[in-house]
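Colleague: Right, I'll just put the structure down here and ask away after.
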Amino acid sequence: MANLHGYLRYNLWNDLGTMALTAGLLVGACKKDKGNTEESDQSNRDSGTEIYAGGGGSGGGSFGSGDLPATPSIAILAPQGTSVTTGLQPLRFEGSCVSGLDVVLTGDVSNSEVQWPSSGALYQPCVADAFAFEINKSAAGTFRLQFAQGLLGVVPFSLPVDFSWTIAAPGGQVTPPVSSPASPPNPPVITQPGTSTSSSNTNAFTLAGTCDNGLQVVIGGHVGAQDVSAPTAGNNVANCVAGVFSFSFSKTTDSAYTVSVMQRDPQTQLDSTGVQVTWIRDTAPPSPPVVSQPSQSPFYDSASSLSLGGACEPGAQVNLSGADSMAISCSAGQFSFNSTKASDGTYNYTLSQTDAAGNLSAATSFQWVRSASVMSPPAIQSPASSMFYSRTRSLMISGSCMSNATVTLSGAVTASEVSDPSQALSRTCVSGSYSFALSKSLDGVYDLQVSQSDPSTSSVSAPVALTWIIDNIPPLAPSVVTPAGAAVSSGDAALALVVQCERGSTVNWSGTSSGTWSGANTGSGACTDAGEFAASIPQSTDGSYTITLTQSDRAGNQSAASAVTWTKDTTMLPTPVLSSPNLSPIWTSSNTLVVSGSCTNGFIVNLSGDITASEVTSPSGALTQTCQTSTFSFTVSKSSDGHYVLNLMQADSADPPTRGDSSSVSVDWTVDRLVPAIVTITSPSQNPFTNGGGQLTIVGACETGTQVYVEGSSATPTTCVAGAYQLNLTATTSGTYSYVLKQKDRAMNTSTGSAFTWLVDTSLPPPPTVTAPSTANVLTATSELTIAGGCTPGVNVVLGGQVLGSEISAPAGSLTQACGSNGSYAFIVRKTIDGPYALDVSQERNGYYSSPVSVNWTRDTQAPATAVSLVTANPNLNATATVSFTSEAGATSQCSLDGAAYQTCTSPFSYTTTQNGTRTVYVRSTDLAGNVGTPGSVTWNQASYKTVAFYNFDSGSPIGLDSSLFPGSEHNDASQSGTATPTFNVLGKFGYGAQFTASASQHLVAPDNQSQDLFAAKMAIDAFVKLSTVPAKNYHYVIASKNGDPSGNYGWRFSLKRTSNPSQNLRLCFTVAPSGSTSLTEKLATTSFDFLTGANFHHVAMTWDAGNVKFYVNGQLVGSQTVGVVGTARINATAAPLRIGADGRSPYGYFNGVIDHLRLSQVVPLGSTFPVPSSQQTPD
């Protein structure tokens, strides 16, 4: 029975078709003794006999049989009533019904006219007590529709509900249908992946979950339609089938992709809130783990256990193989293994790491020589980390040792810097512990070692390394990259925040609101190795939200604060979301870029910035396109290499617009097709190079910022810093090793190769290792340098290069020392003159020398000088003041405004919203050696005011006195021009006003100056006006202007214009020449206004906001227009003076009436109204 019911219910409706239902089954077959005509149909209705009889019995006109209860009629909820008149457009019917029954549509309608259900069926099952039909007619007319419910052969059909739909011909009267409010659907549920963040090393990713049948699922965020391969390639919208959805998409570059899915009702086009996951595509293998403890390999020790620790990639799995096999998770960037061996011997270990995406690093080798005759090293217990950052210049080193042993402190320290024991670098281990208290006078990086020796046997342990970094320089305030600018308005659900920060620092943010802050108002996170921190800050209600950011570096220095103010305004469209490119800034070796992402259907996506229409290849020659299927895509092409910033925003093309323009999102694109130069090799100086093998350090010159790598080797690539690189190669067996060194820039341009050959002869002693200093090139402000490392017991270690035996403090006067039984050596070199010194160490056995290992030391005790200059004008009329400075190459600088705390800065450096008055910036620099110079400075007059000109006309002499706060020549006092001076002692809105007589050509003129140029991007003009007459048709009464002849001197004009006769109503008018234009564009308010009747003052205002023009009368919006590309449009620069009451071009438009309280500002008020002053205002 159930199967028969299903067959009858679904197959009969579909297979027999609506024609059978309307022509016979539901109309003819159910009529009693009536012909199949409209008249007989009407007779049936008039006599109470319906085509769908609700009752049973043999005389009823139902599909059922027997005495069945009457089926209730459906109720139409939208449109309301029983009739509606519309234009030629689709109409949606919604109503209530009984779940489980079928709702049938008949009358003047065919299958092809039904848009919903999407099958075009004239029936649908009632689900959740609701139904909906959407019908699209192609011609005007009046159409009768009928709705009924029942179940074929089971439940009799109800009495039909009639509805009359009239479609008016173009120009006819239209009654908009009243629809019931619709609610957005619930969000989908993501089941795959099972976590909010997922990493993989594949190109493809699958996102799946559960959804609601009948709805669509839309994927977006950093995924565009072009990325989707399934369920339909190139389509980011899929139907929910059987309550589940699944999307497969791919990306070709590594990055973190935020992917959002939401549900969409195809009928109401309402979207649910989005659900997000983050996919990290990571195909790059991590760097090998770095062993820092013990500090040298081979490591000689008599202990039965080895603690092997160092640095790793957080979240990766560190793998140990060889003499022991184990794996641990990298925690907080550190790892530690313990290996225990019961007998003496040589134990070899290999370490690698596998990151969260499954990528395996190259291997790092370590050798432990366990020998009972070798003394174990002491342990450093404080500081706990082998890389210790501090702000204080004093340090306590303490730990455990062998009682009665002599513990020695060495490295970048002198006896005079040790206070406990007083001026001594060694002390006796007492009760298994030791400590050293030392201090430094300068910030810097100091490599220290602690070792111990047995006085009775002269056995010396290997050293334990500690790097002490003293840093008292606060980091720069976090620099907000996204959004662009210190203030942003958007209709987005959350503020996407990206800041540049100091690697390793902690970024902290806190939020405040003009209203109610929803959710957590504080947060923090680590600055990534890429120098970025990102956060998404959602807010549920419109309002103004200020997010303040600081960062604290690893030494605990706190930066100054930066801030961004977000105005959440849901009347604005949401910001487009970029999916390609997925990185910004981006460097490419291709001059073509696809800019694509997600957007809001039906609205316009605008592309602007460093781009012209002719550079857009798809859509060809267009800087705008309509958002379709929630996606957009532009393909742009550049003819030359360079740096380009592209901006995207959404806009409403309707007039007037239903929603405001979105905030913009930017793409920072650099086209670089220049191949880097060949890598040079400066050390070793011989090629081919011969030695006894082991580790070989390659040093040379490269292009800063490139990645230098070795073909033919698993050596870890390195980044070129300050034009130099350093790579380590390893070979332990005799043979010929050939390598090719190349460099690849950020645009993936690859240089030609530089060949290098290494001939390894293991009969030669291997080169020693250098653990101090930690780099091959070292710069210090001190006079001593410790060179220490590992060596082969039984051979000699020789120090060579630019050094004399008399300059060796330890071993005193000797350039040669025997490698200790612990496999270590140390030289202390002292120089008295600044300069660069090329040093090297090698091993010697029976007259045969290993290859030398280079150490380049520069002694620099001279403090750097800093020269500071002002970039902005003096006086500075802008809110941002910028200074530039120069100092010694490589120096870092700190800036102080008016003696406040110094903060890290780079040239040029800007201060925003700086307080007006006399300001001074001091800049001091610290060179690479740590020398701090005397600050340089620059002083200027900061004069950044919102009000550019303000005329209250209350002063009789002069009548055009400007009350703004701009100084000197930037003040805008206006003088009389015309046959007579305007009358100032007439009654104004507040106090006196200025009476202008058009017949006398009366007006005021303020000479051109820089303050008037501030109007290029933003301007607001408001005044009270009372007219004596109205101008002739198509003529103007000018309130204010900055406009002149010839065409290159065009600017702007704000006026009242009469556009019709005999009406005396006037419309506000703004005439403007966009930047670079040789013509004027006139824009009018939509609504006209009677300014003459009643002889009253009326408040008029207009605003110019980078192409957006708005008009206001008595505070209310009376029209809005656009000029050029909104957001980037600027007013043409003109040398014309500022005029009040006239234009600078014929026919001049002399004003006839009273003007009072005229204010010209560079700040545009927010909102749909303009604040009307209720009393005399003061300039700001």
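Counted the way my numbering counts, the sequence shown spans residues 1 to 1180.
Think of the CB as a built atom: it goes at the ideal place given N, C-alpha and C, for glycine as much as any other residue.
Since this is a predicted model, take the numbers as computed values, not measurements.
Helix, strand or coil: how does DSSP classify residue 23 here?
Modeller: Since pLDDT at residue 23 reaches only 33, below the 50 mark, its modelled position is unreliable, and the value read off the structure follows with that caveat. Three-state DSSP puts residue 23 in a helix.
Colleague: In terms of residue numbering, what span does the beta strand (DSSP E) encompassing residue 836 cover?
Modeller: 835–845 is the span of the beta strand (DSSP E), which, as asked, contains residue 836.
Colleague: Kindly list the residues whose CB is nearer than 6 Å to the CB of residue 487, restricted to its own chain and excluding five residues on each side of it in sequence; keep chain order.
Modeller: Excluding positions up to five away in sequence, the list reads 565.
Colleague: Could you compute how far the alpha carbon of residue 179 sits from the alpha carbon of residue 1107?
Modeller: Its pLDDT being 47, under 50, residue 179 is placed unreliably in this model, and the value from its coordinates should be taken loosely. Rounded to whole angstroms, residue 179 to residue 1107 spans 36 Å at the Cα level.
Colleague: Helix, strand or coil, according to DSSP, for residue 788 in the structure here?
Modeller: The answer is strand: DSSP assigns residue 788 an E or B state.
Colleague: Rounded to the nearest angstrom, what separates residue 1161 and residue 569 at their Cα positions?
Modeller: Cα-Cα distance, rounded: 23 Å.
Colleague: Which full runs of the alpha helix (DSSP H) of 4+ residues lie inside the stretch 971–1019, going along the chain?
Modeller: DSSP runs (the alpha helix (DSSP H)) wholly in the stretch 971–1019: none.
Colleague: Just to confirm the assignment, what range does the beta strand (DSSP E) spanning residue 197 have?
Modeller: Run containing residue 197: 197–200, per the beta strand (DSSP E) assignment.
Colleague: Which residues in the same chain as residue 672 place their Cβ atom closer than 8 Å to its Cβ, once the five residues preceding and following it in sequence are excluded?
Modeller: For residue 672, where only same-chain residues beyond five positions count, the Cβ hits under 8 Å are 587, 588, 589, 641, 745, 746, 747 and 749.
Colleague: Using 8 Å as the cut-off, can you tell me whether the stretch 722–736 makes contact with the stretch 800–816, which would need three or more C-beta pairs spanning the two stretches below that distance?
Modeller: Counting Cβ pairs under 8 Å, fewer than three are found: no touch.
Colleague: Report yes if the CB atom of residue 1044 is closer than 9 Å to the CB atom of residue 1137, and no otherwise.
Modeller: Their beta carbons are under 9 Å apart, which means residue 1044 touches residue 1137 by this criterion.
Colleague: For residue 101 and residue 94, what's the separation of their Cα atoms in angstroms?
Modeller: So the alpha carbons of these two residues sit roughly 16 Å apart.
Colleague: So, for residue 949: in the same chain, excluding its five sequence neighbours on each side, which residues have a beta-carbon less than 6 Å away from its beta-carbon?
Modeller: Correct list, in chain order: 962, 964, 972 and 1160.
Colleague: Rounded to whole angstroms, how far is the Cβ of residue 563 from the Cβ of residue 537, which I believe are closer than 8 Å?
Modeller: Between residue 537 and residue 563 the Cβ distance is about 13 Å, and since that is not below 8 Å, they are no contact.
Colleague: According to the neighbour-count rule (16 or more other Cβ atoms, all chains shown, within 10 Å of its Cβ), is residue 219 buried or exposed?
Modeller: Buried: at least 16 other Cβ atoms inside 10 Å.
Colleague: Whose C-alpha, out of 787, 166, 1119 and 603, is nearest the C-alpha of residue 659?
Modeller: Residue 659 has its Cα closest to that of 603, out of 787, 166, 1119 and 603.
Colleague: Is residue 120 helix, strand or coil by DSSP?
Modeller: DSSP places residue 120 in coil when its eight states are reduced to three.
Colleague: Within this structure, are the beta carbons of residue 720 and residue 704 separated by less than 9 Å?
Modeller: Result yes, Cβ atoms of residue 720 and residue 704 sit closer than 9 Å.
Colleague: Who are the near neighbours of residue 1064 in its chain, counting only those whose CB is closer than 7 Å to its CB and skipping five residues on each side?
Modeller: Here the set comprises 1030, 1090 and 1092.
Colleague: Hey, out of 422, 550 and 1033, whose CA is closest to residue 904's CA?
Modeller: If we check each option's Cα against that of residue 904, 550 comes out closest.
Colleague: Excluding five sequence neighbours on each side, which residues of the same chain lie with their C-beta closer than 6 Å to the C-beta of residue 1163?
Modeller: Hits under 6 Å: 946.
Colleague: Check whether the Cβ atoms of residue 887 and residue 925 lie closer than 9 Å to each other.
Modeller: A contact, by the Cβ cut-off of 9 Å.
Colleague: Nearest by alpha-carbon distance to residue 823: which of 234, 795 and 1051 is it?
Modeller: For the residues 234, 795 and 1051, the minimum Cα distance to residue 823 belongs to 795.
Colleague: Which residue marks the beginning of the beta strand (DSSP E) containing residue 508, and which one marks its end?
Modeller: First-last of the beta strand (DSSP E) with residue 508: 506–513.
Colleague: Helix, strand or coil: which one does DSSP assign to residue 731?
Modeller: Three-state DSSP puts residue 731 in a strand.
Colleague: Quick check on DSSP: helix, strand or coil for residue 1108?
Modeller: Note: residue 1108 maps to strand in three-state DSSP.
Colleague: Please classify residue 142 as buried or exposed, where buried requires at least 16 neighbouring CB atoms within 10 angstroms.
Modeller: The residue in question, residue 142, is exposed, as its Cβ has fewer than 16 Cβ neighbours within 10 Å.
Colleague: Taking Cβ to Cβ, would you say residue 966 is nearer than 9 Å to residue 1011?
Modeller: Yes, these two residues count as a Cβ contact at 9 Å.
Colleague: For residue 245, collect the residues of the same chain with a Cβ closer than 7 Å to its Cβ; drop the 5 residues on either side in sequence, then sort them by chain order.
Modeller: If we look at residue 245 and ignore the five residues flanking it on each side, its Cβ neighbours are 188, 208, 209, 211, 217 and 238.
Colleague: Would you mind reading off the limits of the beta strand (DSSP E) that contains residue 1054?
Modeller: Element bounds for residue 1054: 1052–1057.
Colleague: Helix, strand or coil for residue 385? Go by DSSP, reduced to three states.
Modeller: Note: residue 385 maps to coil in three-state DSSP.
Colleague: Rounded to a whole number of angstroms, what is the C-alpha to C-alpha distance between residue 526 and residue 614?
Modeller: Taking the straight line from one Cα to the other gives about 43 Å.
Colleague: In terms of residue numbering, what span does the beta strand (DSSP E) encompassing residue 1035 cover?
Modeller: No beta strand (DSSP E) contains residue 1035, which DSSP labels as neither H nor E.
Colleague: Got a sec? Which residues, its chain only, sit under 7 Å from residue 776 by beta carbon, not counting five neighbours each side?
Modeller: Only 697, 699, 726, 854, 855 and 856 meet the Cβ criterion.
Colleague: Just the Cα atoms here: how many angstroms apart are residue 58 and residue 160?
Modeller: In this prediction, residue 58 scores a pLDDT of 30, lower than 50, which makes its location untrustworthy; the coordinate-derived value is nonetheless stated afterwards. Computed Cα separation, rounded: 20 Å.
Colleague: If we count the other Cβ atoms within 10 Å of its Cβ and call it buried at 16 or more, is residue 833 buried or exposed?
Modeller: The residue is exposed, with fewer than 16 neighbouring Cβ atoms inside 10 Å.
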